[in-house]
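Just add 1 to the spot in the sequence shown (first one is 1) and you have this note's numbering.
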Amino acid sequence: MWPARRPEAAARAAAALVLAAGVLAYANAFRGDFQFDDWNVIVQDPRVQSLAAWRDSMPGIRPLLKLSYALNHASGFGLAGFHVVNLGIHLANGLLLLALLRQWHAPLPGSRAVAAAVAALLFTVHPVQTEAVTYLSGRSTSLAAMFVLSSLLAWVRGQRGRQAWLSHGLSPLLFACALATRETAAVLPLAMLLWQATAGNGRARGLVSCWRAAAAHWAVLLLAAVLAGLLPAYRQFFATSIEARSLADQLASQVQAVAYLAGQLARIDRLNADPMLPVVGALTPALVLTGLLLAAALCWGVWSLRRRPALAFGLLWFFLWLAPTNSLLPRLDVANDRQLYLALAGPAWLAGVATAWLWARRRGVAMLATAVVVAGLLLATVDRNRVYASEPAFWADVVAKTPGNSRAWNNLGHALALAGRPAAAERALLEALAVDPGNSRAAVNLALLRAGALGPAPPGEQREF
2 MWPARRPEAA ARAAAALVLA AGVLAYANAF RGDFQFDDWN VIVQDPRVQS
52 LAAWRDSMPG IRPLLKLSYA LNHASGFGLA GFHVVNLGIH LANGLLLLAL
102 LRQWHAPLPG SRAVAAAVAA LLFTVHPVQT EAVTYLSGRS TSLAAMFVLS
152 SLLAWVRGQR GRQAWLSHGL SPLLFACALA TRETAAVLPL AMLLWQATAG
202 NGRARGLVSC WRAAAAHWAV LLLAAVLAGL LPAYRQFFAT SIEARSLADQ
252 LASQVQAVAY LAGQLARIDR LNADPMLPVV GALTPALVLT GLLLAAALCW
302 GVWSLRRRPA LAFGLLWFFL WLAPTNSLLP RLDVANDRQL YLALAGPAWL
352 AGVATAWLWA RRRGVAMLAT AVVVAGLLLA TVDRNRVYAS EPAFWADVVA
402 KTPGNSRAWN NLGHALALAG RPAAAERALL EALAVDPGNS RAAVNLALLR
452 AGALGPAPPG EQREF
């Protein structure tokens, strides 16, 4: 009954609801084990094993992310400590999104408080977020998002209250932290323009003012780009990315990828930690149609900027936060579910606005629908967390959804071998070679298994897949 309460009480109630839902959704995440990328970037990376090792490795890529891993190792709380931090970051993001959306000042077809609360709830409990919460190395995405949302919220409040220390001091500092966590945060200044054009009910003059108000953020971005260019590790990072595929193949592949990711929001039964989408080398009628539909959605968002600002914000926010990973710059993997983490706030906002509209007309129906959807997503998240309980369970889920993924079959075979199940491991490795006879890692693992050299090992050993 948020609209009937005083704003402060409504805000506290919504925050408590978001926290409670998040804790319930991820209570069983603490049973999760280290998976795939976790071994390379958390368990076996010597640069994050201690604070001294982290300090000696600097300057380097993603320094704040690596510092967070080093602090976790230094704490001595082990695997559970990593889960606590990841969940804390995610809960903080749910609260930050709630606080940000409550700053919306443009017209809405219903209560702003209801729209913000529903959006924050959906963001917090949607099972697609498990890849940035339960999957420990997904912290790069969620931690960067925390700094992004904090920076945007500080900027919005600073602009509204004319507090320069927020908009020109704290907000740019938080933006720098986001960039030091993950490079995808670079589009934050564009997100500020989007906010001003929609939530702030901005017009042409307002947008010019917004460019000026975000001058410190553009300066931070420019400085970060210069520093990244000076670091050999970043130069190698971008060089490897650019060489991954041609621009034409990248654009065609990302049409497929964005459509896939949009579908993942609804097809929660198909969430997949390693979808291994193929690189598209030729246009097909289906791909062209998909591209036209995505372009139409993007144009609809731009067209709605003045007419339906809430709709424009939801649509354009989604595309904006997919752009760093799913546009011009190639990645080795065409798409991963974790790329939806911050982008999800856009569709969640649209659902919140729709709920607010219904709430104003049929409050009981709106409450029931919200409860059913949130409960369903929460239970789906609980179920999805079980996939991360062990490496065999993790890879069995992947091959069940993408049986043509030779890498996943190899990793399943490796995980089964380490779990002391050689017969099942051999079957998985043979399947990896049947899917891709050129999979040299599967061939080596199969030879090692048959020679008795691949089997149960002490924790942290034999992690080469």
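Glycine residues also receive a C-beta, built at the ideal position from the N, C-alpha and C atoms. Given the structure is predicted, the values throughout are model-derived calculations rather than measurements.
Hey, quick one: how far does the alpha helix (DSSP H) through residue i stretch, first residue to last?
i: Arg442; result: Ser441 to Arg451
i: Leu109; result: Where Leu109 is concerned, there is no enclosing alpha helix (DSSP H), given that its DSSP letter is neither H nor E.
i: Asn273; result: Premise fails: Asn273 is in no alpha helix (DSSP H) and is neither H nor E.
i: Val221; result: Ala216 to Leu231
i: Glu432; result: Pro423 to Val436
i: Asp384; result: Arg364 to Asn386
i: Gly77; result: Note, Gly77: premise wrong, no alpha helix (DSSP H); not H, not E.
i: Trp166; result: First-last for Trp166: undefined, no H or E at that position.
i: Phe319; result: Pro310 to Leu323
i: Gln197; result: Leu189 to Ala198
From this set, the options, which residue's C-alpha is nearest residue i's C-alpha?
i: Val134; options: Ala274, Trp105 and Ser51; result: Ala274
i: Trp350; options: Ala16, Trp396 and Leu122; result: Leu122
i: Lys188; options: Tyr136, Phe320 and Val281; result: Checking the sequence shown, residue 188 turns out to be Val, not Lys. Selected option, being the one with the closest Cα: Phe320.
i: Val280; options: Gly315, Leu333, Pro233 and Phe239; result: Leu333
i: His84; options: Tyr27, Gln104 and Leu295; result: Tyr27
i: Asp338; options: Leu299, Tyr261 and Gly33; result: Tyr261
i: Ala443; options: Thr241, Ala165 and Ser407; result: Ser407
i: Gly347; options: Ala397, Trp360, Gly302 and Ser143; result: Gly302
i: Asn73; options: Ala118, Ser138 and Ala16; result: Ser138
i: Asn87; options: Pro47, Gln130 and Leu294; result: Gln130
i: Leu1; options: Leu52, Leu80, Gly82 and Ser76; result: Only positions 2 to 466 of the chain appear in the structure, and residue 1 is not among them; the question remains open.
i: Ala267; options: Pro233, Leu299, Ala352 and Gly201; result: Ala352
i: Tyr416; options: Gly405, Asp398 and Thr403; result: The amino acid at residue 416 is misidentified as Tyr; the sequence shows Ala. Nearest option by C-alpha distance: Asp398.
i: Ala452; options: Glu432, Pro423, Pro438 and Ala429; result: Pro423
i: Ala394; options: Leu419, Leu379 and Val375; result: Leu419
i: Leu80; options: Thr142, Val354, Gln340 and Tyr136; result: Tyr136
i: Ser151; options: Arg163, Arg161, Ala357 and Leu167; result: Leu167
i: Ala216; options: Trp156, Thr241 and Phe239; result: Trp156
i: Gly282; options: Pro457, Leu248 and Arg13; result: Leu248
i: Gln340; options: Leu359, Trp322 and Ala198; result: Trp322
Is the Cβ-Cβ distance between residue i and residue j less than 7 Å?
i: Ala11; j: Ala100; result: no
i: Leu65; j: Ala225; result: no
i: Phe35; j: Val42; result: no
i: Trp386; j: Asn29; result: Per the sequence shown, the amino acid found at residue 386 is Asn instead of Trp. Their beta carbons are under 7 Å apart, which means Asn386 touches Asn29 by this criterion.
i: Leu154; j: Leu194; result: no
i: Val221; j: Ala186; result: no
i: Met147; j: Ile62; result: no
i: Val24; j: Gly95; result: no
i: Ala145; j: Ala179; result: yes
i: Ala401; j: Gly414; result: no
i: Gln237; j: Pro331; result: no
i: His218; j: Pro173; result: yes
i: Trp506; j: Glu392; result: This structure gives no information on residue 506, because the portion of the chain shown stretches from 2 to 466.
i: Ala336; j: Leu288; result: no
i: Val119; j: Thr371; result: yes
i: Ala117; j: Arg140; result: no
i: Ala75; j: Val49; result: no
i: Thr142; j: Tyr389; result: no
i: Ser1; j: Ala313; result: Residue 1 is absent from the structure shown; the chain starts at 2 and stops at 466.
i: Pro128; j: Thr403; result: no
For residue i, does the three-state DSSP call read helix, strand or coil?
i: Arg332; result: coil
i: Leu39; result: It should be pointed out that residue 39 corresponds to Asp in this sequence rather than to Leu. Three-state DSSP puts Asp39 in a helix.
i: Thr403; result: coil
i: Ser247; result: coil
i: His127; result: coil
i: Pro8; result: helix
i: Val149; result: helix
i: Tyr235; result: helix
i: Thr142; result: helix
i: Trp105; result: coil
i: Thr241; result: helix
i: Ala53; result: helix
i: Val281; result: coil
i: Ile90; result: helix
i: Met59; result: coil
i: Tyr342; result: coil
i: Thr182; result: coil
i: Asp34; result: coil
i: Arg268; result: coil
i: Asn411; result: helix
Do residue i and the ligand HEM come close, with the Cβ less than 6 Å from some heavy atom?
i: Leu378; result: The ligand HEM is absent from the structure shown, which contains no ligands of any kind.
- Examine the Cβ distances between the region 50-58 and the region 103-111 and report whether three or more of them are shorter than 8 Å. no
- Would you be able to state if there are at least three C-beta pairs under 8 Å between the region 317-328 and the region 255-273? yes
- On the three-pair Cβ rule with 8 Å, is the region 295-309 touching the region 267-284? no
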